[in-house]
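Taking it in order: structure first as C-alpha cells, then the write-up.
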Amino acid sequence: MIRHVGFVLLAAVAVLSGCRDHSSNQAAVAVSPVPSLTDHSAAVTVAPESRPSPSPVQALPDSAVVGAWQVGGTVVASGYNDVYILREDHSFDFLYNSMDCSKEVLGVSGTWDISGASVTLTPKWKAILVGGTKEIAMGSCASDYEIQNAKAEVVDDHGAPAIVLNAVTAQGSDGHAQDVLESGTGVKYWKIGDSFDSSETLKEMVAAHNAAPGDEEEESSIEYYDVRTMFPQEQLLDYADYDFNGDGGMDRVALLKSHKLIFISSVSEQDGYVMDGDLDFDEDFDNPETLKVIHPDDKTILLYVDRTFFPGVTVGTFYKWGEGFQPIQDELMGDLGLQIEDDKAITANNKVYRSEGGWDIQSDTYTWDSASGTYAIDPGKSRFVKRKD
Numbered sequence: 587m588i589r590h591v592g593f594v595l596l597a598a599v600a601v602l603s604g605c606r607d608h609s610s611n612q613a614a615v616a617v618s619p620v621p622s623l624t625d626h627s628a629a630v631t632v633a634p635e636s637r638p639s640p641s642p643v644q645a646l647p648d649s650a651v652v653g654a655w656q657v658g659g660t661v662v663a664s665g666y667n668d669v670y671i672l673r674e675d676h677s678f679d680f681l682y683n684s685m686d687c688s689k690e691v692l693g694v695s696g697t698w699d700i701s702g703a704s705v706t707l708t709p710k711w712k713a714i715l716v717g718g719t720k721e722i723a724m725g726s727c728a729s730d731y732e733i734q735n736a737k738a739e740v741v742d743d744h745g746a747p748a749i750v751l752n753a754v755t756a757q758g759s760d761g762h763a764q765d766v767l768e769s770g771t772g773v774k775y776w777k778i779g780d781s782f783d784s785s786e787t788l789k790e791m792v793a794a795h796n797a798a799p800g801d802e803e804e805e806s807s808i809e810y811y812d813v814r815t816m817f818p819q820e821q822l823l824d825y826a827d828y829d830f831n832g833d834g835g836m837d838r839v840a841l842l843k844s845h846k847l848i849f850i851s852s853v854s855e856q857d858g859y860v861m862d863g864d865l866d867f868d869e870d871f872d873n874p875e876t877l878k879v880i881h882p883d884d885k886t887i888l889l890y891v892d893r894t895f896f897p898g899v900t901v902g903t904f905y906k907w908g909e910g911f912q913p914i915q916d917e918l919m920g921d922l923g924l925q926i927e928d929d930k931a932i933t934a935n936n937k938v939y940r941s942e943g944g945w946d947i948q949s950d951t952y953t954w955d956s957a958s959g960t961y962a963i964d965p966g967k968s969r970f971v972k973r974k975d
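Per our numbering, the sequence shown starts with residue 587, numbered consecutively.
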C-alpha cells in the first residue's frame with residue numbers, strides 16, 4: 587500500500603494527542619479556491635466588521651467535508667500545518683505539523699461519519715516512533731530537536747475517544763466568510779483542497795519510514811524477510827506478531843494483497859502455511875485492513891481480521907488458535923464499521939433505511955460465549971439510534 591515515499595518526508599511527524607486542539611501557524615503560498623460548504627447547505631454570512639461567533643451549517647452531504655483541512659488558514663509553506671484528510675470512503679488520517687520533528691507519534695487514522703452539521707471521527711490505530719535518539723534539529727525542522735534512528739510501528743487505538751468537528755462559517759484572512767471545521771475547544775481547520783497532494787495512508791508512511799536507503803523504488807511492499815522468503819512476489823498489506831505456539835518466539839500472521847492470510851512460525855519459515863487463500867476485500871480501498879490478536883477468555887487465543895469493501899462495508903472474521911488456526915462462526919458485517927470494545931465484545935453498526943427516505947443506525951453488540959466458543963449478539967447491549975437529518 588506504499589505509493590509515494592516523498593510524502594513521508596513531508597509529513598513524517600503527526601500525533602493523535604494533539605489532533606483536536608494543538609495548532610501552529612505558517613504562511614506562504616496561497617492555494618487555489620475550493621468548493622464551499624455553503625454551496626450545499628444553509629449558512630449565515632459573517633460580516634467582517636462584526637466578528638460574531640461562528641454560525642452552524644446544517645445537513646451536510648459527504649461531498650462537503652471530503653478533502654484536506656488544515657489548522658491556521660488556507661495557505662501552506664514548505665510543509666503542512668496540522669491537517670485532517672477526510673476521504674470519500676469515510677477513512678481519515680490526521681497529520682501533525684510536518685516541520686515539527688520532535689513528535690514521537692506519527693499520526694492517527696480511523697473512520698468518519700456525518701450527523702447534521704458535525705463530523706465524528708473514530709480512531710482505529712496510530713503510528714508511533716520507538717527507540718531512537720533526540721538530536722539538535724537540522725534542515726527544515728522548526729522544532730528545537732528531532733528524533734533520529736527510530737523505528738515506526740502501528741499500534742491499536744480503538745479505545746481512543748471520538749473526535750467531533752463542527753462545520754461552521756468563520757471570517758477568513760481576506761475578510762470574507764469561509765467554511766471551516768471547528769473542534770469543541772474552538773480550534774479551526776480550513777479547507778485547502780478536495781484531496782491531499784498525496785494518496786498515502788499513515789500505514790504506508792510507516793513502511794516507508796522503516797525502509798532502508800535505496801528501497802524507495804520498492805513501492806507497496808514492507809520489508810520482512812520471512813514473508814518475502816515464502817512469497818517473494820507478494821505484497822504485504824498488514825501483519826500481527828504474537829507467540830501463538832508458546833515457544834518463546836514471535837510468530838507472524840500476514841495479510842497479502844493476493845487475498846491470502848498466512849501464518850509463519852518463529853521456529854522455521856518452513857512451518858508457515860496459508861490460513862485462508864481467498865479472503866474477499868477491496869484491495870483498492872484506502873481504509874486499511876485490521877489484524878488483531880484478542881483473548882476473549884483465559885483459554886482462548888483469537889485472531890481478528892477485518893476488511894473493507896466499497897463503499898464502506900466492513901467484514902470481520904475470527905480465527906481460533908489450536909493446532910493451527912481455524913475460522914469460527916459466520917462473518918460479522920457493519921456498513922458503518924465494526925468496533926472492538928474490548929476482547930470480549932465487538933459492535934457492528936449498520937444503516938436502517940426509512941421508507942420515506944434517510945436512514946437510522948442499528949448498533950448490535952456481540953459478546954463472547956465461552957461455552958459455545960463464539961460471539962453471540964447481546965440484546966441488552968444492542969440499541970437503535972434515530973438520526974436527526
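Don't be surprised by glycine CBs; every beta carbon is placed ideally from N, CA and C.
* DSSP state of Glu721 mapped onto helix, strand, coil -> strand
* Asked: Which one or two residues does DSSP pair with Asp955 in a beta bridge?
  -> Thr960
* To do: Determine the DSSP secondary structure at Asp827, reduced to helix, strand or coil.
  => strand
* To do: Please state whether DSSP places Ser649 in a helix, a strand or coil.
  => helix
* To do: Answer yes or no: does any C-beta atom of chain C fall closer than 8 angstroms to that of Gln656?
  => Chain labels in this structure do not include chain C; a single protein chain is all it has.
* Residue span of the beta strand (DSSP E) that contains Val899, given as start and end -> Val899 to Gly908
* Asked: Between which two residues does the beta strand (DSSP E) harbouring Pro882 extend?
  -> Thr876 to Asp883
* What separation, rounded to the nearest whole angstrom, lies between the Cα atoms of Leu888 and Pro913? -> 9 angstroms
* Asked: Is it the case that the Cβ atoms of Thr933 and Glu927 are separated by a distance below 8 angstroms?
  -> yes
* Asked: Under a three-way DSSP split, which group does Gln656 fall into?
  -> strand
* Asked: For Asp829, which residues of its own chain have a beta-carbon under 8 angstroms away from its beta-carbon, when the five flanking residues on both sides are left out?
  -> Gly835, Met836, Asp837 and Ser852
* From Cys687, Leu922 and Asp824, residue whose alpha carbon lies closest to that of Ser677 -> Leu922
* To do: Check the C-beta distance from Val901 over to Met919 and give it rounded, since I have them as a contact under 8 angstroms.
  => 5 angstroms
* Which of helix, strand or coil DSSP assigns to Leu922 -> coil
* Contacts around Phe970, its chain only, beta-carbon distance under 7 angstroms, and the 5 residues preceding and following it disregarded -> Asp946 and Gln948
* Straight-line Cα distance separating Asp679 from Leu672 -> 7 angstroms
* What did DSSP end up calling Ala763 once you bin it into helix, strand or coil? -> strand
* **Test item: CB-CB of Lys777 and Ala756 under 8 angstroms** => no
* What separation, rounded to the nearest whole angstrom, lies between the Cα atoms of Ile560 and Thr876? -> An answer regarding residue 560 cannot be provided, because it is not within the stretch 587 to 975 covered by the chain.
* Any idea if Lys974 is buried or exposed, counting beta-carbon neighbours within 10 angstroms, 16 or more meaning buried? -> exposed
* Can you tell me which of Glu790, Tyr731, Lys846 and Phe911 puts its alpha carbon nearest to the alpha carbon of Arg893? => Lys846
* What residues in its chain sit with their C-beta under 6 angstroms from that of Asn873, if we drop five residues either side in the sequence? -> Below a pLDDT of 50, predicted positions are generally treated as unreliable, and Asn873, at 46, falls in that range; the measurement from the model is reported next regardless. The residues are Asp675, Ser677 and Thr894.
* To do: Could you have a look at Glu768 and say whether DSSP puts it in helix, strand or coil?
  => strand
* **Buried versus exposed call for Ala957 [16 or more other C-beta atoms within 10 Å across all chains shown]** => exposed
* **For Tyr775, the first and last residue of its enclosing beta strand (DSSP E)** => Lys774 to Gly779
* To do: Can you say whether Gly693 is buried or exposed, counting buried as having 16 or more other CB atoms within 10 angstroms of its CB?
  => buried
* Does the beta-carbon of Gly772 have 16 or more other beta-carbons within 10 angstroms, so that it is buried, or is it exposed? -> exposed
* Tell me the DSSP bridge mates of Lys737? -> Val716
* Rounded to a whole number of angstroms, what is the C-alpha to C-alpha distance between Leu979 and Met791? -> Examination of residue 979 is not possible in this model, given that the chain is present from 587 through 975 alone.
* Give the single residue among His881, Gly770, Trp711 and Asp916 whose Cα lies nearest to the Cα of Gly745. => Trp711
* Proximity winner among Glu917, Gly959, Thr960 and Asn936, relative to Ser968 (alpha-carbon distances) -> Asn936
* Please list, in chain order, all residues of the same chain as Ala723 whose beta carbon is under 8 angstroms from its beta carbon, the five residues on each side excluded. => Cys687, Ser688, Ser729, Asp730, Tyr731 and Glu732
* Leaving aside the five residues before and after Asn831 along the sequence, list all residues of the same chain whose C-beta is less than 7 angstroms from its C-beta, in chain order. => Asp837 and Ser851
* Report yes if the C-beta distance between Lys930 and Pro965 is below 8 angstroms; otherwise report no. => no
* Along the beta strand (DSSP E) that carries Arg529, what are the first and last residues, could you check? => No answer is possible for residue 529: it lies beyond the span of the chain, which begins at 587 and ends at 975.
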